[in-house]
Amino acid sequence: MTLLEEMQNMLSDFSNTHMQGFSPALDVYQDEKNVYVEVPLAGVDLKNVKISIENNILTLQGVTKKESEVDEKNFYRKEIREGSFFRTVALPTHVKGDKAEATSKDGMLKIVIPKALGEKARNIAIKIKKS
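Structure representation (structure tokens):
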């Protein structure tokens, strides 16, 4: 193993063992009518995911737990994230949060939010439909 590989392993091990919670990656895009948010949440029980929109800011939070037959101390490397996650993202335009819909297919959560002009800000909880 080269010195560079050893350093990368040390840094990777340090960051992974000291991580509490995480922020999932996401994509945000829009067309003329809607704003779309896509989040990969493979293996996450959707009952443990909450989505809300307030003041055109989308909040995604939840908990993921990976069942394992291996005792924690026996892992050689542990990179699959588990625990709580939290992510907020400012949406690119005013939206109708109460009309938002969320679906999940093949581990990808997709949130579709209709655009609005001049709508008053409210806190909206969004239910996820499995497709």
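Residue numbering for the sequence shown is 45 to 175, as defined by this note's numbering. Every residue gets a Cβ at the ideal spot worked out from N, C-alpha and C, and that includes glycine. Just so it is clear, the structure is predicted and the values come from calculations on it, not from any experiment.
Coil, strand or helix - residue i by DSSP
i, result
"L90", "helix"
"S59", "Any answer about S59 is weak, because its pLDDT of 47 lies below 50 and its placement is not dependable; what the coordinates show is given next. In this structure, S59 counts as helix in the three-state DSSP scheme."
"K143", "helix"
Distance between residue j and residue i (C-alpha atoms, nearest Å)
i, j, result
"N78", "Y120", "45 Å"
"I170", "N118", "39 Å"
"V88", "A69", "14 Å"
Sheet register partners of residue i (DSSP bridge)
i, result
"Y80", "Y73 and V156"
Buried versus exposed call for residue i [16 or more other C-beta atoms within 10 Å across all chains shown]
i, result
"I124", "exposed"
"L104", "buried"
"G106", "buried"
"A86", "exposed"
"D150", "exposed"
Member of the options whose CA lies at the smallest distance from the CA of residue i
i, options, result
"K94", "V72, Y80, T132 and A160", "T132"
"E76", "K174, V156, S175 and I168", "V156"
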